[in-house]
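Trainee: Below is one structure. I have some questions about it.
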Amino acid sequence: MQYGDFGAVVGYGRQIAVPPGCSAAGREIAIHLDTSIAPRQPVCRPAPATKPPPLTSSLIAELQELVSLIIPIFTADKIFLMDTVVSGIRSTGNLHLGNYFGALKNFLRMQEENNCYFFVADYHSLTTHPHPDDIHANIRQVLAEYLAAGIDPEKATVYVQSDVPEVAELYLLMNMNAYVGELERTTSFKEKIRKHPDNINAGLLTYPVLMAADIIIHKAHKVPVGKDQEQHLEMTRRFARRFNTMYGVDYFPEPDAYNFGKQLMKIPGLDGSGKMGKSEGNGIFLADTSAEIRKKVMRAVTDTGPEKQDSEPSEAVRNLFTIMEVVSEPSTVKFFREQHASCVIRYGDMKKQLAEDIIKVTEPIRIRINEIISDPVYLGKVVSRGAEKARASASATIREVREIIGYRPF
Ligand code: TYM
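The numbering of the sequence shown is numbering that gives the first Met the number 0, which starts it at 0 and goes up by one.
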């Protein structure tokens with residue numbers, strides 16, 4: 000078998016990992032199998048806690064041969080594929096608890112066991128026409144917040160979307176198979192045109208296509224996102240499937256919105272209804288000081304208090320419990336739920352506790368944000384390495400997609 004055959008062995012550019020039990024005991028080895036990526040040193044790191052599903056025996060045999068070819072010192076007896084994970088957050092302001100619990104916290108868990116690509120979605124931020132003076136600072140802020148929260152550029156590929164122009168090409172190509180009718184029916188588009196009737200640009204309409212391009216450019220399997228992105232992921236799956244059907248290939252996997260088998264999250268705001276948002280004025284940001292958090296939580300909307308035993312909390316109070324469930328100990332939530340059920344709850348006490356529990360999560364991150372953001376050299380290194388890795392994967396996909404579509408060299 001030649002190096003040039005490797006792409007054919009695995010179909011797409013996943014990585015392989017050699018679990019404990021082989022001569023590389025206790026380590027995980029990831030090797031780019033894509034034909035277009037130059038052979039390079041395998042990446043070694045501690046083995047993952049849980050194993051991805053095993054492969055068929057014939058593929059395992061082929062991969063064993065492959066591994067022994069690349070690294071003769073390793074004789075792997077078991078090999079499995081790592082899933083590819085892609086997700087991004089728009090650079091439209093500081094990250095809030097919704098971004099953290101809906102997406103970022105899962106990025107951290109997933110980077111341990113998967114081939115992860117996490118990016119700053121700065122093309123997506125252009126739909127609202129930010130001032131050129133703000134673009135760079137907004138990207139830097141999200142990047143610093145990713146790293147401060149614990150994303151490790153040694154484990155995951157961290158990059159800025161606009162550093163990977165291949166995404167724009169795939170977006171163009173995918174636009175040809177996305178229909179205006181289905182795009183017009185997208186909930187997020189309908190919401191945007193209702194809220195901003197003066198700015199119904201084509202970028203808003205084709206937003207789900209750009210998002211699909213972001214995801215399938217790395218042939219992702221899993222996409223950690225919050226509940227509000229569920230429909231966009233359904234559309235991504237549809238676009239991937241449509242491409243495969245149109246060209247009679249089994250090329251793009253159909254990626255799933257992912258939250259470790261649980262329901263996707265929707266973190267509510269502090270204003271009594273709706274989800275927490277960057278520009279809704281109802282959010283708690285990772286970069287907020289303790290004083291700001293206490294003030295915001297103490298001002299959160301509640302009600303006049305339960306009047307009947309075991310009554311359902313109002314929406315505003317339910318929202319506070321939802322936030323409490325992700326930041327507090329189960330015993331704390333239980334305590335206040337019982338207090339509510341027996342009509343003795345004091346919302347002031349509940350809010351004080353909630354504020355302290357939020358601060359426990361955000362304060363260490365806030366301190367790191369401030370450290371990282373004042374280190375442009377480090378940030379520069381992270382994005383240039385990230386862009387290099389992301390472009391290697393993206394350009395391989397573009398080359399293959401062009402071939403599938405029918406472009407031939409002269
Ligand atoms: P964005 O920037 O609005 O939000 C980033 C992530 O945070 C999640 N999120 C929430 N989760 C729970 N509760 C909330 N209140 C809440 N608010 C936000 C979002 O679900 C998302 O996971 N289109 C995307 C960015 C994007 C993307 C992608 C994501 C562009 N390309 C490719 C995944 C894959 C967006 O606007 O997210």
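Yeah, the Cβ is synthetic: ideal placement off N, Cα and C, and Gly gets one too.
1. Unbroken beta strand (DSSP E) runs of length 3 or more, entirely within the region 115-178: which are they?
2. Is F100 a contact residue of ligand 1, with contact defined as CB to any heavy atom under 7 angstroms?
3. Any heavy atom of ligand 1 within a distance shorter than 7 angstroms of the CB on S86?
4. Among all the DSSP beta bridges, which residues are the ones paired with G87?
5. Helix, strand or coil for A219? Go by DSSP, reduced to three states.
6. Quick check on the DSSP output: the beta strand (DSSP E) that includes P257 runs from which residue to which?
7. Touch check for the region 89-101 and the region 267-278: three-plus C-beta pairs under 8 angstroms?
8. With respect to 7 angstroms, is the separation between the Cβ of I266 and the closest non-hydrogen atom of ligand 1 below this value?
9. With the cut-off set at 8 angstroms, would you say V300 and V326 are in Cβ contact?
10. V381 and L146: beta carbons closer than 8 angstroms?
11. Let me check you understand the geometry: is the CB of Q262 closer than 7 angstroms to at least one non-hydrogen atom of ligand 1?
12. Counting pairs of Cβ atoms below 8 angstroms between the region 153-160 and the region 230-244, do you hit three or more?
13. Could you tell me the boundaries of the alpha helix (DSSP H) in which V360 lies?
14. In the DSSP assignment, find the unbroken alpha helix (DSSP H) run with V382 in it and report its ends.
15. For ligand 1, is there a heavy atom less than 7 angstroms away from the beta-carbon of D213?
16. Please classify M121: is it buried, with 16 or more other beta-carbons within 10 angstroms of its beta-carbon, or exposed?
17. Tell me the rounded alpha-carbon separation between N198 and H123.
18. Measure the alpha-carbon distance for M245 versus I214 and round it to whole angstroms.
19. Per the contact definition of three or more C-beta pairs closer than 8 angstroms, is the region 344-354 in contact with the region 312-325?
20. Just checking my contact of D255 with V224 at CB under 8 angstroms: how many whole Å lie between their CB atoms?
21. Please classify L171 as buried or exposed, where buried requires at least 16 other C-beta atoms within 10 Å of its C-beta.
22. With respect to 7 angstroms, is the separation between the Cβ of K154 and the closest non-hydrogen atom of ligand 1 below this value?
23. Mark D287 as exposed unless 16 or more other C-beta atoms lie within 10 angstroms of its C-beta, in which case mark it buried.
24. I'd like to check one pair, A386 with V159: are the Cβ atoms closer than 8 angstroms?
25. Can you check which of these residues, V163, A136, Y99, P129, is closest to F118 by C-alpha distance?
26. Using a 10 Å radius around the Cβ and a threshold of 16 neighbouring Cβ atoms, would you call S330 buried or exposed?
27. Do you know how far the Cα of R184 is from the Cα of R240?
28. What number of angstroms, rounded off, separates the C-alpha of L169 from the C-alpha of H220?
29. In whole angstroms, give me the CA-to-CA distance for R390 and A201.
30. According to DSSP, simplified to helix, strand and coil, what is K410?
31. I need the DSSP call for H95, collapsed to helix, strand or coil.
32. Out of curiosity, what's the CA-to-CA distance linking D82 and G260?
33. What does the alpha-carbon distance come out to for the pair V376 and S383?
34. DSSP state of M109, grouped into three classes?
35. Helix, strand or coil for M245? Go by DSSP, reduced to three states.
36. V296 and L269: beta carbons closer than 8 angstroms?
Mentor: This is what the structure holds:
1. 156-159
2. yes
3. yes
4. F118
5. coil
6. In the sequence as presented, Pro is not what sits at residue 257; that position holds Tyr. Per DSSP, Y257 belongs to the beta strand (DSSP E) from 255-257.
7. yes
8. yes
9. no
10. yes
11. no
12. no
13. 346-372
14. 375-404
15. yes
16. It is Asp, not Met, that sits at residue 121 in the sequence shown. When all chains shown are included, D121 counts as buried.
17. 15 angstroms
18. 19 angstroms
19. yes
20. Not a contact, Cβ separation roughly 10 angstroms.
21. exposed
22. no
23. buried
24. yes
25. V163
26. exposed
27. 19 angstroms
28. 18 angstroms
29. 26 angstroms
30. Outside the shown range of the chain, which is 0 to 409, sits residue 410, and nothing can be said about it.
31. strand
32. 15 angstroms
33. 11 angstroms
34. helix
35. helix
36. yes
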